[in-house]
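Residue numbers (UniProt numbering): 1 to 112.
All C-beta atoms, glycine included, are put in the ideal place defined by N, C-alpha and C.
Shown next as structure tokens:
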């Protein structure tokens, strides 16, 4: 994760934390992680890094987890045209890898 993505190091994170008042006994401390501004800035940095150097960023759950899921899909013969919903799994690198695998399979079978 890049510097400042967790709110440390200033920027949007510091600003978001400083907006809230001191928490009461039953309140949560305001966090940059709960602001749209924070996540817009994080995603903008990741997109810029990808555009500048092709780096897809972190594989949030690890490359082996991603590969294990792809192997599971192959073992269970999930159709190449199946609909998938990818929610809350990071920056989408799994879907990028899956599309690459699907394109490779389609070329092998002559369907593309």
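Beta-carbon separation (whole angstroms), residue 105 vs residue 80, contact threshold 8 Å: For the purposes of this step, residue 105 is taken as the residue at position 105 of the chain shown. For the purposes of this step, residue 80 is taken as the residue at position 80 of the chain shown. At roughly 6 Å, the Cβ-Cβ gap stays under 8 Å, so residue 105 and residue 80 are in contact.
Does the segment 67-85 come into contact with the segment 50-58, if we say contact requires no fewer than three beta-carbon pairs (one atom in each stretch) closer than 8 Å? no
Nearest-angstrom Cα separation, counted from residue 109 out to residue 43: Taking the first residue of the chain shown as position 1, residue 43 is located at position 43. Taking the first residue of the chain shown as position 1, residue 109 is located at position 109. Approximately 36 Å, taken between the alpha carbons.
Could you tell me if residue 94 is buried or exposed, where buried requires 16 or more neighbouring beta carbons within 10 angstroms of its beta carbon? Position 94 of the chain shown, counting from 1, holds the residue named residue 94. Buried.
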